[in-house]
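Asks:
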Amino acid sequence: MKKINYFFIIPTVLILLLTGCATTAQKAFMTQESAVQLRSIQTRAFDTTDKKMMMQTIISTMQDLDFVIDKADFLLGSVTGSKFLGNAVVKMTVTVRPRGEKQLLVRVNAQYGIKTIEDPQTYQDFFTALEKALFLTAHKVD
């Protein structure tokens, strides 16, 4: 019988395992073109500086879309809500931040289970509902 050379096999296996882990960790923090595209789909600018009104309208819009508000923080400008869809939970986080002196930037991030929703129509539907709600709020229609 041939004797197995463990001094060669063990270091080779360890090197393969460690390099596999390194590439996975590097991928977690890589900025890809698709990430930039997703951010542009998730973000809209609005011609207002009234952060309080914007956040109240976002909360109302999310509730209209059957989300239960889990957390809202005015100082951070973030609202998080969730709803059940089939056997999974859809979680949505909306952030509001100033853009220049005359606009607010609203970004929506939605997840189905643990996977980020990348479908542009989902975000377009939310922004359409938000724009309608902002119009009604501006014209004092309840």
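According to the numbering used here, the sequence shown is numbered sequentially starting from 34.
Think of the CB as a built atom: it goes at the ideal place given N, C-alpha and C, for glycine as much as any other residue.
Mind checking who Pro-131 pairs with in its DSSP beta bridge?
Replies: BP columns for Pro-131 point to Leu-137.
Asks: Thinking C-alpha only, which one of Ala-78, Ser-73, Glu-66, Ile-74 is nearest Gly-133?
Replies: Residue Ala-78 is the option with its Cα nearest to Gly-133.
Asks: Under three-state DSSP, which class holds Val-69?
Replies: Helix at Val-69.
Asks: Please classify Val-123 as buried or exposed, where buried requires at least 16 other C-beta atoms within 10 Å of its C-beta.
Replies: Burial call: buried.
Asks: Provide the residue(s) that pair with Met-125 in DSSP beta bridges, ordered along the chain.
Replies: DSSP, once it has assigned bridges, lists Gly-114, Ala-143 as partnering Met-125.
Asks: Give the secondary structure of Phe-100 by DSSP, where H, G and I count as helix, E and B as strand, and everything else as coil.
Replies: If DSSP states are grouped into helix, strand and coil, Phe-100 belongs with coil.
Asks: Can you tell me which of the three DSSP states Phe-107 falls into?
Replies: In the structure shown, Phe-107 sits in coil (DSSP, three-state: anything other than H, G, I, E or B).
Asks: Does the pairing of the stretch 143 to 153 with the stretch 95 to 106 give three or more beta-carbon distances under 8 angstroms?
Replies: Because the criterion of three Cβ pairs below 8 angstroms is not met, the stretch 143 to 153 and the stretch 95 to 106 do not touch.
Asks: Would you mind working out which of Gln-154, Asp-152, Gly-110 sits nearest Val-139, comparing C-alpha positions?
Replies: Checked all of Gln-154, Asp-152, Gly-110; the closest Cα to Val-139 is Gly-110.
Asks: Considering Cα atoms alone, identify which of Val-101, Thr-128, Thr-170 is closest to Phe-117.
Replies: The residue with the shortest Cα to Cα distance from Phe-117 is Val-101.
Asks: Helix, strand or coil for Lys-85? Go by DSSP, reduced to three states.
Replies: Here Lys-85 sits in helix by DSSP.
Asks: Apply the 10 Å Cβ neighbour rule to Gln-70 and answer buried if 16 or more other Cβ atoms are within range, or exposed otherwise.
Replies: Answer is exposed; the Cβ neighbour count stays below 16.
Asks: So who's on the other strand from Ser-79, going by DSSP bridges?
Replies: According to the sequence shown, residue 79 is Phe rather than Ser. Per DSSP, Leu-137.
Asks: Tell me, please, which residues DSSP counts as bridged to Lys-208.
Replies: Examination of residue 208 is not possible in this model, given that the chain is present from 34 through 175 alone.
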